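In this text, residue positions in the sequence shown follow the working numbering: the first is 375, and each later residue adds one. For reference, the structure discussed in these notes is given below.
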Amino acid sequence: LALAFMDVCCVCGNSGDKMLRCARCRHALYCSALHQKQHWKVHKPTCLEAEKQQQDPAKQKGLFETVENLKRSVDTRAKEMDGMVEAFKQAQQERESLLQEMRCLEAQVNSLKSDAVAAEMDLRKEEALLKAKAREADIYASMISAGDLTQPLTVPLRSHVEVPAVASALMSRHYCVVDSFLEDSLARQLHLRITDMYKTSEELLSQLSPGDAEPETTVDGQAISRNGNVLFVPGKLAGGRSGQNLKYSLEHVRGDRIAWLSGREAECTALQQYLQRLEQLVLHSLPQLIPEISRKVLYHSDAMVACYPGNAARYVRHVDNPNQNGRKLTAILYLNPDWSVCDGGELRLFNEQEEHVDIQPCFNRLLLFWADTRCPHEVLPAQRPRFAITVWFFDPEERAVASVTDQDTETIERERLRIEQEMKRFGVALDMEYKRSA
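Given below as structure tokens:
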């Protein structure tokens, strides 16, 4: 009925200029004769009633009023729709305005974060410089306490150490080997002190029972001492860029036992003298010849003393700085008298073409190589105890960025999930006890 009083086809609802009108009631419209014929059975009762109403003025008036009411209702609904469209447009404008404000606030927050990161990096650089100065002060203080003021703070290298050759090898091959880096007597003194520490550690660890107190630990979770004695503990894997994330031990992946020494421990004069000579080479001599080093104010880590206890202990292929953790240069001093090829334990260095060179851990041999992806390496299975002292030289700026970004909650969680996936691949139970540093 409603369509019969509107200017549209009663069948399909279409409108047009050449509409057909019902000749009887003069109300129903059709777009074609076919639709008019199809609609007749439905329209017939209405048409006859309309015809009667046309003969009755009162009924005809009521019908027109109905049509007018329908038209007003349509107009009212159209106005409501127009109002809703206008409200929607206004809401869209307000939304765009809010989004713009959010983008401005986000830009301000990012700017503040960048300023904070820059400030943190500056602090880390200052910390690195202070650490280097503090180390020199400690060395000088130890010389005063020993009554030896004749030894200069900058210790000269041995005459056979050709600094230009070392620099050339690092720049061309990315690694360099220096044999007899220390005086033989100093190297043997250092070897004796390290092996004594390791034997004492093994005796102490064998006496520990499950109820004993945990050994003291450094900030990175490495056990270092018990009753004043240095302990060698299994080397850790993972840890994230700053070393503060999830860590785990897995002997068939990394089989060494390690301890961290600063050179200031009791009866560690030999280690202190070695670190002085290493600093002279890397921090004073090489920067004059290697632009990559001269542009940076490097500082170094404490010494990581490692023992692969034999029994085919190894360390699978890895990179010391795979994720810009700040490590720039790796320095390893080997302390293994009478080492032979049958003893294994070579450090295998790879290059970009996947070619490799095997370096035997011979006594008093210094190995230098870049810590980044230019030098993937692995330790081949060692058949007898193999001792080495590793020191990393850091780029303060890169180290500061790693430390700052690793404090972000989202970054910590993402790195933790990555390490958990790595642990699953190695078959490590995720409910194992691990250390996450603050």
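Ideal placement from N, C-alpha and C gives every residue a C-beta, glycine not left out. Predicted model, so just to flag it, every value in this text is computed and none were measured.
Following the DSSP letters along the chain, one finds ILE568 inside the alpha helix (DSSP H) bounded by residues 558 to 581. Rounded to the nearest whole angstrom, the C-alpha separation of GLY390 and CYS405 is 7 Å.
ARG547 sits in coil when the DSSP states are folded into three classes, being neither helix nor strand.
Of the residues assessed, CYS716 falls on the exposed side of the cut-off, its CB having fewer than 16 other CB atoms within 10 angstroms. ASN695 and THR747 have their C-alpha atoms spaced approximately 7 Å apart. When secondary structure is reduced to three states using DSSP, LYS415 falls in the helix class. Of the candidates ASN388, LEU652, HIS409, TYR682, TYR682 places its Cα closest to the Cα of LEU721.
As computed with DSSP, LEU740 is found in a beta bridge with VAL552, LEU707. One alpha carbon belongs to SER675, the other to ASN484, and they sit about 32 Å apart. In this structure, the beta-carbon distance from PRO735 to ASN710 falls below 8 Å.
When secondary structure is reduced to three states using DSSP, CYS642 falls in the coil class, being assigned neither helix nor strand. Judged by beta-carbon spacing, VAL731 lies beyond the 8 Å limit of LEU741, meaning their Cβ atoms are not closer than that value. Put simply, the backbone Cα of PHE555 is about 19 Å away from that of TRP744. Annotation: LEU660 to MET678 spans about 22 Å, alpha carbon to alpha carbon. Look at CYS384 here: in three-state DSSP terms it is coil, with no helix or strand label.
Taken through DSSP and simplified to helix, strand or coil, ASP694 comes out as coil. Between ASP769 and LYS702, the C-beta spacing is below 8 Å.
In this structure ILE733 does not touch VAL535 by the C-beta definition: roughly 17 Å separates them, more than the 8 Å allowed.
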